[in-house]
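**Q** One structure, as C-alpha cells, below. Some questions next.
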Amino acid sequence: KELVIGDRGAVTLDNLRITRTFEEIVHFSVSIGDADLLAYTWMPTNEYVEQSADEIFEKGWMENMRDYGLHWGGYYENPKRYTTFIDKLTPDTEYVLQLAAKNDFSVATKQITFRTKAPEPPTPAVDFKSLEIVSITDNSVTLTAEIANTKQLSYHICEGEVCDCEGVLIM
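Position one of the sequence shown corresponds to residue 325 (this note's numbering), numbered consecutively onward.
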C-alpha cells in the first residue's frame, strides 16, 4: 500500500539548547516540528541510561504540543519553540536531558548534557576596622576608614549633638 502522509511531515526536534542555568534550576528550549506530543526526562550523568522514545514517554514529563501555545496563537505555528524549566536539581551536578516527540507516523529523540551552577561562596562579613577624623575646618571634615569585605560605603553626617536621621536618605 502507498502511505499518504498529508500536510504534515515527520517530527523534528531542532536547536535544543540550555538557555539559563542556576544552582537548582535550568531553562531549556527546542524547536519542535509536526509533533502531537513531547516528553522529556532528566537524570544525573552518573546515573545515565539511554532511553527509547517509549521509555521517555512512559517516565518523563509529557506536553500536548497541539495545545501548547494555543492561548497566544501558537497552535498554528510549525515548528513551535518550546521553552520551559526543570527545578529541584542538585547544584554543581552534570545532567542528561532526553526528549522525545511523536505524531501518528513518526518519532524523534534528542538529548543534551548540562551542568548546574556551583553554590556561590558565602559573602564574608563586613569588618569595620577603624574610623578616624583626619582634619576639621570651618566647612569640611576629612575622615579615614579602614573597612574590609565591602563594595560600598554609606555615611551621614549630622550637625550638633543629636541626629534625627529618620526619613533622611543616607548616601
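Yeah, the Cβ is synthetic: ideal placement off N, Cα and C, and Gly gets one too.
Within the chosen definition, does the stretch 404 to 416 reach the stretch 345 to 356 through at least 3 CB pairs nearer than 8 Å?
**A** The stretch 404 to 416 is in contact with the stretch 345 to 356.
**Q** Quick one: complete alpha helix (DSSP H) runs, 4+ long, within the stretch 375 to 442?
**A** Here the runs fully enclosed are 377 to 383.
**Q** State the Cα-Cα distance for the pair S376 and Y419, rounded to the nearest angstrom.
**A** In the sequence shown, residue 376 corresponds to position 52, counting from 1. In the sequence shown, residue 419 corresponds to position 95, counting from 1. Rounded to whole angstroms, S376 to Y419 spans 17 Å at the Cα level.
**Q** So, helix, strand or coil for N473, using DSSP?
**A** In the sequence shown, the residue the question calls residue 473 occupies position 149. Note: N473 maps to coil in three-state DSSP.
**Q** Using beta-carbon positions only, say whether V450 and N473 come within less than 8 Å of one another.
**A** Here the question's residue 450 lines up with position 126 in the sequence shown. Here the question's residue 473 lines up with position 149 in the sequence shown. For V450 and N473, yes; Cβs fall inside 8 Å.
**Q** Taking 8 Å as the threshold (C-beta atoms), are P368 and T417 in contact?
**A** Taking the first residue of the sequence shown as 1, we reach residue 417 at position 93. Taking the first residue of the sequence shown as 1, we reach residue 368 at position 44. For T417 and P368, yes; Cβs fall inside 8 Å.
**Q** If distances are taken between C-alpha atoms only, which option among W366, E371 and V335 comes closest to D360?
**A** As a position in the sequence shown, residue 360 is number 36, starting the count at 1. For the residues W366, E371 and V335, the minimum Cα distance to D360 belongs to V335.
**Q** So, are the CB atoms of A363 and M389 less than 8 Å apart?
**A** By one-based count along the sequence shown, residue 363 stands at place 39. By one-based count along the sequence shown, residue 389 stands at place 65. Contact: no.
**Q** For T447, which of helix, strand or coil comes out of DSSP?
**A** On the sequence shown, position 123 is the one that residue 447 refers to. Reduced to three states, the DSSP call for T447 is coil.
**Q** Express the C-alpha separation of R439 and N339 in angstroms, rounding to a whole number.
**A** By one-based count along the sequence shown, residue 339 stands at place 15. By one-based count along the sequence shown, residue 439 stands at place 115. Taking the straight line joining both Cα atoms gives about 18 Å.
**Q** So L337 and K404 are supposed to be a Cβ contact under 8 Å. How far apart are they, rounded?
**A** For the purposes of this step, residue 337 is taken as the residue at position 13 of the sequence shown. For the purposes of this step, residue 404 is taken as the residue at position 80 of the sequence shown. About 11 Å; that fails the 8 Å criterion.
**Q** Quick one: grab the DSSP three-state call for T369.
**A** Position 45 of the sequence shown, counted from the start, is the residue given in the question as residue 369. T369 falls in the helix class under three-state DSSP.
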